[in-house]
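Numbering-wise (the working numbering), the sequence shown opens with residue 44 and increments by one. No residue lacks a Cβ here, since even glycine has one placed at the ideal position from N, Cα and C. Please read these numbers as outputs of a predicted model, since none were measured by experiment. Have a look at the structure below before the remarks.
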Amino acid sequence: MMLVGGQSVTEFLSSVLPVPGDSHLEDEFQRPLVTLTFAQSLDAKIAGKGGKQLILSGRESMLMTHWMRTKHDAILVGIGTALNDDPQLNSRHIPEDERPSHLPRPVILDTNLRLKLDCKLLKNYRERKGRRPLVICDANLTSGDGRKSILEDAGARVIGVPSVDGFIVIPDLLKVLYNFGIKSLMVEGGATVIGSFLAECAGTKPNTIIDTLIITIAPMLIGDDGVGYGEKLLATQIPSLKHIQTEVMGRDVVIVSALK
């Protein structure tokens, strides 16, 4: 697929995404390079009532997202997204004859180990169609908890990370993933995860949490019933952005920014 400026999608992504090893940030701070990305409506909603999945991205921007997945070692979502959407977090929309062989590893933030045993992520792993999912829970749950054994028997790798007030501590999470060999991480949501990463980024000086923010804006309105990601963010929790590039992809607009 060619963009308005004549670039291909892969050329566009290569021009805006940092490459592990080039910046040395991941080695300096012992964390993966992090891309935060999601699709939203014009009124900044990312899901329907109660977190119900919405298909916001058009065909072209959805294809771009799947190409983006192939350029990361792992893809992270929260347990709300895992339960509501039952995602596969793969690159199935790329034509088979063009699809890279690289499969990103799914990572699920699941503080209390609520992931369903029959979810597509575990099913794909058991059927050799996907990588083994990493399930990140509260560190206090990993010792002698029956849920851990049940999930691992179903195919998950359960890793404990410290949490505060029910939320995984993001800097600790990134260090654990880095030590697991993940040098680039794509964070896709949902709302709680997006808000947590943005707030943590704003509170960390210099920024050592997010490298690139890529937002797809779809030409639709959802209304008050929809779920947004910024309602609980204070002005002091919003990081500063530097615009990198804006592209029109089909009906959607994709905006790329770096976080200062």
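Helix, strand or coil at residue i according to DSSP, with G and I counted as helix
{"i": "L165", "result": "helix"}
{"i": "P214", "result": "helix"}
{"i": "L158", "result": "coil"}
{"i": "I122", "result": "helix"}
{"i": "Q83", "result": "strand"}
{"i": "T255", "result": "strand"}
{"i": "E274", "result": "coil"}
{"i": "T289", "result": "strand"}
{"i": "S227", "result": "strand"}
{"i": "A301", "result": "strand"}
{"i": "T12", "result": "Here the chain comprises residues numbered 44 to 303, so residue 12 is not present and cannot be evaluated."}
{"i": "I193", "result": "helix"}
Integer Cβ distance of residue i from residue j, believed to fall under 8 Å
{"i": "I298", "j": "I252", "result": "Not quite, the Cβ-Cβ distance comes to about 19 Å (not below 8 Å), so this is no contact."}
{"i": "S134", "j": "T259", "result": "S134 to T259, Cβ: 16 Å. No contact."}
{"i": "R102", "j": "G293", "result": "6 Å"}
{"i": "P63", "j": "S283", "result": "That pair is no contact at about 24 Å."}
Beta carbon of residue i nearer than 8 Å to that of residue j
{"i": "M111", "j": "L146", "result": "no"}
{"i": "T80", "j": "I257", "result": "yes"}
{"i": "L160", "j": "I118", "result": "no"}
{"i": "H136", "j": "T78", "result": "no"}
{"i": "G271", "j": "I122", "result": "no"}
{"i": "D128", "j": "L264", "result": "no"}
{"i": "I287", "j": "A301", "result": "yes"}
{"i": "I211", "j": "V178", "result": "no"}
{"i": "V52", "j": "L106", "result": "yes"}
Buried versus exposed call for residue i [16 or more other C-beta atoms within 10 Å across all chains shown]
{"i": "K92", "result": "exposed"}
{"i": "I98", "result": "exposed"}
{"i": "N183", "result": "exposed"}
{"i": "A242", "result": "buried"}
{"i": "N222", "result": "exposed"}
{"i": "G269", "result": "buried"}
{"i": "R169", "result": "exposed"}
{"i": "R171", "result": "exposed"}
{"i": "N155", "result": "exposed"}
{"i": "G43", "result": "A query on residue 43 cannot be resolved here, the shown segment of the chain reaching from 44 to 303 and no further."}
Selection from the options that minimises the alpha carbon distance to residue i
{"i": "V230", "options": "T108, T247, A261", "result": "T108"}
{"i": "L220", "options": "S300, E243, L165, P75", "result": "P75"}
{"i": "T247", "options": "D140, G173, K275, Q280", "result": "Q280"}
{"i": "F72", "options": "S239, I265, D215", "result": "D215"}
{"i": "G94", "options": "L60, D267, N250", "result": "D267"}
{"i": "S84", "options": "P138, A261, K275", "result": "A261"}
8 Å Cβ cutoff, residue i in contact with chain D
{"i": "V219", "result": "Among the chains of the structure shown, chain D does not appear; only one protein chain is present."}
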